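As given, the protein sequences belong to chains H and U, one line each in that order.
Residues 1 to 293, numbered by this note's numbering, are exactly what the first sequence covers, in order.
Residues 294 to 586, numbered by this note's numbering, are exactly what the second sequence covers, in order.
Just so it is clear, CB atoms sit at the ideal spot from N, CA and C, and this is done for glycine as well.
As the structure is a prediction and not an experimental result, all values here were calculated from the model.
There are 2 protein chains.
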Amino acid sequence: MEIIRTVSWMKEAARGSRAENHVTGLVPTMGALHEGHLSLVRRARTECSRVFASIFVNPAQFGANEDLAKYPRTFEEDVAKLEAEGVYAVFAPEPKEIYPPGFSTYVTVEGLSDRLEGKTRPGHFRGVATVVLKLFEIMQPVHAYFGRKDAQQVRVLQQMAADLNLDTNLVVCPLVREPDGLALSSRNVYLSAEERRGALVLYRALGALRDAAVAGERSAPRLQQLLVDTIAHEPLARVDYATLVDAETFEPVAVLGGRPTYALLAVYFGKTRLLDNLLIEPVGPSGELFCSL
Amino acid sequence: MEIIRTVSWMKEAARGSRAENHVTGLVPTMGALHEGHLSLVRRARTECSRVFASIFVNPAQFGANEDLAKYPRTFEEDVAKLEAEGVYAVFAPEPKEIYPPGFSTYVTVEGLSDRLEGKTRPGHFRGVATVVLKLFEIMQPVHAYFGRKDAQQVRVLQQMAADLNLDTNLVVCPLVREPDGLALSSRNVYLSAEERRGALVLYRALGALRDAAVAGERSAPRLQQLLVDTIAHEPLARVDYATLVDAETFEPVAVLGGRPTYALLAVYFGKTRLLDNLLIEPVGPSGELFCSL
């Protein structure tokens with residue numbers, strides 16, 4: 001499995017794959033790989049004849065006071081995992097290869113990028129959209145794979161791809177959890193043992209919401225209160241947001257109803273900020289709800 | 294020659310051209326075609342096996358108080374001219390095809406976009422960069438052709454193409470003038486007969502600057518004063534800017550010297566705002582100047 005360090009080499013590899021009529025897949029990552037990432041690779045392997053991954057801790061999506069410097073870096077292990085999963089090549093550029101001196105072009109998805117994650121992390125989605133567009137231009141994947149754990153990120157990227165008429169198809173894959181329910185995240189390593197136990201409250205809160213919704217509760221304020229009350233039982237947790245939003249607009253909803261809805265959580269444990277979500281989709285003429293936790 | 298109205302049809306045509314290994318060229322226009330545009334088509338025809346043009350008056354690059362509604366539209370004549378020049382197909386979408394409801398993604402080239410044209414026309418280059426990126430994604434040209442008359446626009450697009458790792462090669466073509474020296478522009482039709490005569494002062498001013506520079510004047514402030522003084526003789530002219538800038542950064546220069554430099558003019562005649570420029574390039578070890586008017 002090749003480790004590709006430069007844009008020009010990666011472009012050459014992408015051109016070669018296209019010339020050989022490969023259906024190419026891309027799994028973009030910031031490294032520190034866990035089973036969530038590997039589930040994306042496995043999905044890509046079923047749909048693509050050649051799968052590329054990228055490992056790039058993207059400075060443009062970190063705020064000045066965020067964890068860029070201490071973001072976990074486990075490059076050798078990551079490469080071994082990707083190779084074991086049958087990845088064809090890994091694009092792992094240095095920051096200056098992606099952002100050379102004088103770099104000044106940014107992609108912004110307005111509206112969607114300003115809410116929730118975008119409010120807590122100004123500029124975050126601008127950094128994400130810019131680097132993903134660049135990866136698409138460099139790697140020209142037919143399909144690109146993203147995890148639903150970062151639900152708003154996926155939605156921002158879908159809007160970008162539609163608005164800019166990109167040819168790459170975005171594939172959204174299920175959230176992957178630890179056996180006890182904690183959503184997998186590279187940032188989970190930041191948690192102390194006590195915080196790690198406390199963090200299970202996210203899964204419990206979303207599970208309680210799911211149960212209430214399935215039992216017939218349709219009021220978003222009451223369901224939201226259920227999230228907040230459940231999390232309040234965990235003294236180490238500090239809620240950033242806990243809300244129900246339309247899965248397309250990410251605007252708050254008042255009532256669970258005809259449209260797909262996300263219950264979204266962003267909760268601090270010490271300095272570590274964890275995300276989790278529940279996707280609620282109406283199915284069938286009876287308006288039954290299908291919940292993906 | 295086909296007139297292509299939809300993105301999906303245009304993408305299909307682009308895919309077809311790629312499958313047949315055509316070297317495709319794109320001449321993006323807002324219609325109201327003149328010899329400047331046609332010179333781009335002719336250049337494209339020498340370098341490409343298949344030339345597409347686009348005709349799209351891009352709302353995103355017009356400010357609220359600008360001339361979007363009255364921008365000259367001469368579609369039938371434009372199509373006849375392009376067909377006569379051997380253009381393969383014209384992409385001429387309606388605005389809602391390019392900016393469907395909910396559209397919210399924009400490309401910004403920071404720094405470069407804020408000066409000169411960008412200062413007088415806030416948001417202009419954001420609109421230009423966004424639509425050109427979209428045209429590139431939809432039409433996938435190998436080469437795309439732009440006129441040097443809009444020097445800053447070309448520079449913004451070059452920066453975008455480099456920063457976003459685009460595969461399209463930007464070709465910058467010479468400025469084309471009327472026999473009496475007026476730079477061709479679709480907006481020249483706005484000029485009254487008197488303004489049309491007065492507008493020749495732009496050519497005279499840049500010519501005077503060239504003569505002074507070739508004669509040895511290297512001081513940018515003195516050369517700039519020469520522009521201003523020359524234009525001051527024309528009572529109908531009102532200067533927006535008249536300046537010498539580095540051709541890469543579009544920052545003001547103090548001295549003509551080792552780097553390519555633009556003398557840039559933006560001058561109002563009534564409500565009509567005209568652009569013109571002179572490119573000054575040092576050549577050879579002696580530092581002689583080569584001027585393109």
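ask   = With DSSP run on the structure shown, which of helix, strand or coil describes E2 (chain H)?
value = Here the question's residue 2 (chain H) lines up with position 2 in the first sequence. Residue state for E2 (chain H) is assigned as strand, using DSSP reduced to three classes.
Practice prompt. Give a yes or no on whether the C-beta atoms belonging to E85 (chain H) and R148 (chain H) are separated by under 9 angstroms.
Written response: As a first step, residue 85 (chain H) is located in the first sequence; it is residue number 85 there, counting from the start. As a first step, residue 148 (chain H) is located in the first sequence; it is residue number 148 there, counting from the start. Result no, Cβ atoms of E85 (chain H) and R148 (chain H) do not sit closer than 9 angstroms.
Check your understanding: When DSSP labels each residue in this structure, what does R42 (chain H) get in the three-state scheme?
Key -> As a position in the first sequence, residue 42 (chain H) is number 42, starting the count at 1. In the structure shown, R42 (chain H) falls within a helical segment according to DSSP collapsed to helix, strand and coil.
**Q.** Span separating the alpha-carbon of R295 (chain H) from that of F543 (chain U)
**A.** In the structure displayed, chain H extends from 1 to 293; residue 295 (chain H) sits before or after that span and is not available.
* Could you tell me which chain U residues have their CB closer than 7 angstroms to the CB of I55 (chain H), listed as they occur along the chain? => Counting from 1 along the first sequence, the entry for residue 55 (chain H) is found at position 55. Ordered by position in chain U, no residue passes the 7 angstroms Cβ test against I55 (chain H), which lies about 17 angstroms from the chain.
| query | Any C-beta of chain H sitting closer than 9 angstroms to the C-beta of L459 (chain U)? | reply | Stepping through the second sequence from its first residue, residue 459 (chain U) is reached at position 166. Taking Cβ atoms only, chain H reaches closer than 9 angstroms to L459 (chain U), which makes this a yes.
With the cut-off set at 9 angstroms, would you say L450 (chain U) and V538 (chain U) are in Cβ contact? For the purposes of this step, residue 450 (chain U) is taken as residue 157 along the second sequence, with counting starting at 1. For the purposes of this step, residue 538 (chain U) is taken as residue 245 along the second sequence, with counting starting at 1. Not closer than 9 angstroms, so no.
Unbroken beta strand (DSSP E) runs of length 3 or more, entirely within the region 11 to 92 of chain H: which are they? 24 to 29, 50 to 55, 89 to 91
Quiz item: Should M30 (chain H) be flagged as near chain U, meaning a C-beta pair shorter than 9 angstroms?
Solution: Locating residue 30 (chain H) in the first sequence gives position 30, counting from the first residue. For M30 (chain H), the answer is no, since every Cβ of chain U falls outside 9 angstroms of its Cβ.
CA-CA distance, S192 (chain H) and R273 (chain H)? Walking along the first sequence from the start, residue 192 (chain H) turns up at place 192. Walking along the first sequence from the start, residue 273 (chain H) turns up at place 273. Spanning the two alpha carbons is a distance of roughly 13 angstroms.
**Item:** Partner residues on chain H for F396 (chain U), Cβ-Cβ distance less than 8 angstroms
**Value:** For the purposes of this step, residue 396 (chain U) is taken as the residue at position 103 of the second sequence. Here the neighbours are D163.
Handout entry: Cutoff 8 angstroms; reference G301 (chain H); Cβ partners in own chain excluding five residues on either side
Key = This structure gives no information on residue 301 (chain H), because the portion of chain H shown stretches from 1 to 293.
Straight-line Cα distance separating G31 (chain H) from G207 (chain H) | For the purposes of this step, residue 207 (chain H) is identified with residue 207 of the first sequence, where counting begins at 1. For the purposes of this step, residue 31 (chain H) is identified with residue 31 of the first sequence, where counting begins at 1. Rounded to the nearest angstrom, the two C-alpha atoms are 29 angstroms apart.
Q. Is A454 (chain U) helix, strand or coil by DSSP?
A. Position 161 of the second sequence holds residue 454 (chain U). DSSP places A454 (chain U) in the helix class (H, G or I) of the three-state scheme.
Quick one, which residues of the region 423 to 454 of chain U are near chain H if we go by CB-CB under 7 angstroms, in chain order? Answer set for the region 423 to 454 of chain U: L426, K427, E430, I431, Q452, M453.
Note to self: As a quick exercise: from U:A547, U:A506, U:D522, U:V546, pick the residue whose alpha carbon is nearest that of S585 (chain U).
What the structure shows: Indexing the second sequence from 1 puts residue 585 (chain U) at position 292. Answer by Cα proximity: U:A506.
*Out of curiosity, what's the CA-to-CA distance linking V465 (chain U) and H34 (chain H)?*
Translated into positions along the second sequence, residue 465 (chain U) becomes position 172. Translated into positions along the first sequence, residue 34 (chain H) becomes position 34. Each residue's alpha carbon lies about 48 angstroms from the other.
Q: Report yes or no: is there a C-beta of chain H within less than 9 angstroms of the C-beta of T317 (chain U)?
A: In the second sequence, the residue the question calls residue 317 (chain U) occupies position 24. T317 (chain U) does not count as touching chain H.
- Residues in its own chain within less than 6 angstroms of G36 (chain H) by CB, not counting five upstream and five downstream? Counting from one through the first sequence, the residue named residue 36 (chain H) turns up at place 36. So the qualifying residues of the chain are G147, V176, L184.
Residue environment, V255 (chain H), which counts as buried when at least 16 other CB atoms sit within 10 Å:
Translated into positions along the first sequence, residue 255 (chain H) becomes position 255. Exposed, by the Cβ-count rule.
Q) For L516 (chain U), which residues of its own chain have a beta-carbon under 8 angstroms away from its beta-carbon, when the five flanking residues on both sides are left out? A) The count along the second sequence starts at 1 and reaches residue 516 (chain U) at position 223. Contacts found: L502, A505, A506, E510, L537, L549, A556.
In three-state terms, what does DSSP make of E510 (chain U)? If you number the second sequence from 1, residue 510 (chain U) lands on position 217. Three-state DSSP puts E510 (chain U) in coil, outside helix and strand.
### Task
Please name the residues in the region 540 to 559 of chain U whose beta-carbon is closer than 7 angstroms to at least one beta-carbon of chain H, in chain order.
none
Starting from E248 (chain H), trace the alpha helix (DSSP H) both ways and give me its first and last residue. Taking the first sequence and counting its residues from 1, the one referred to as residue 248 (chain H) is at position 248. Neither: E248 (chain H) is in no alpha helix (DSSP H) and is coded neither H nor E.
Helix, strand or coil: how does DSSP classify Y145 (chain H) here? Within the first sequence, the letter at position 145 stands for residue 145 (chain H). Strand.
**Q.** CB of R552 (chain U) within 9 angstroms of CB of P578 (chain U), strictly
**A.** The residue you call residue 552 (chain U) lines up with position 259 of the second sequence. The residue you call residue 578 (chain U) lines up with position 285 of the second sequence. Their beta carbons are not under 9 angstroms apart, which means R552 (chain U) does not touch P578 (chain U) by this criterion.
Are D67 (chain H) and Y241 (chain H) touching if we call contact CB-CB under 9 angstroms?
-> Here residue 67 (chain H) refers to the residue found at position 67 of the first sequence. Here residue 241 (chain H) refers to the residue found at position 241 of the first sequence. No.
Problem - Integer Cβ distance of V435 (chain U) from N462 (chain U), believed to fall under 8 angstroms - result: Locating residue 435 (chain U) in the second sequence gives position 142, where the first residue counts as 1. Locating residue 462 (chain U) in the second sequence gives position 169, where the first residue counts as 1. Right, the Cβ-Cβ distance comes to about 6 angstroms (below 8 angstroms), so this counts as a contact.
Cβ-Cβ distance between L275 (chain H) and D150 (chain H) below 9 angstroms: Within the first sequence, numbered from 1, the residue matching residue 275 (chain H) stands at position 275. Within the first sequence, numbered from 1, the residue matching residue 150 (chain H) stands at position 150. Cβ atoms of L275 (chain H) and D150 (chain H): closer than 9 angstroms.
**Asked** What does V402 (chain U) touch in chain H if you count any residue whose Cβ is under 7 angstroms from its own?
**Response** Translated into the one-based positions of the second sequence, residue 402 (chain U) becomes position 109. The answer, in chain order, is S104, T105.
T271 (chain H) classed as buried or exposed, judged by whether at least 16 other C-beta atoms fall within 10 angstroms:
Indexing the first sequence from 1 puts residue 271 (chain H) at position 271. With the sequence shown as reference, residue 271 (chain H) is identified as Lys, and Thr is not the correct amino acid for it. Here K271 (chain H) is exposed. Its C-beta has fewer than 16 other C-beta atoms within 10 Å.
Notebook entry, point to check: What do you get for F345 (chain U), buried or exposed, if any count of 16 or more other CB atoms within 10 angstroms of its CB means buried?
Noted result: Counting from 1 along the second sequence, the entry for residue 345 (chain U) is found at position 52. F345 (chain U) is buried by the Cβ-count criterion.
So the alpha helix (DSSP H) T413 (chain U) belongs to, where does it begin and stop?
The residue given as residue 413 (chain U) occupies position 120 in the second sequence. Counted as a single uninterrupted DSSP element, the alpha helix (DSSP H) harbouring T413 (chain U) occupies residues 410 to 413.
Q. Is any beta-carbon of chain U found at less than 9 angstroms from that of K81 (chain H)?
A. Position 81 of the first sequence holds residue 81 (chain H). So no, K81 (chain H) is outside the interface.
**OP:** At 4 residues or longer, and completely inside the region 177 to 238 of chain H: list those alpha helix (DSSP H) runs for me, N to C.
**Re:** Taking only runs of at least 4 residues, the alpha helix (DSSP H) segments lying wholly in the region 177 to 238 of chain H are 193 to 198, 200 to 214, 220 to 232.
Exercise. Can you tell which of H:L135, H:T105, H:R15 has the C-alpha that lies nearest to the C-alpha of V57 (chain H)?
Worked result: On the first sequence, position 57 is the one that residue 57 (chain H) refers to. The closest CA to that of V57 (chain H), considering only H:L135, H:T105, H:R15, is found on H:L135.
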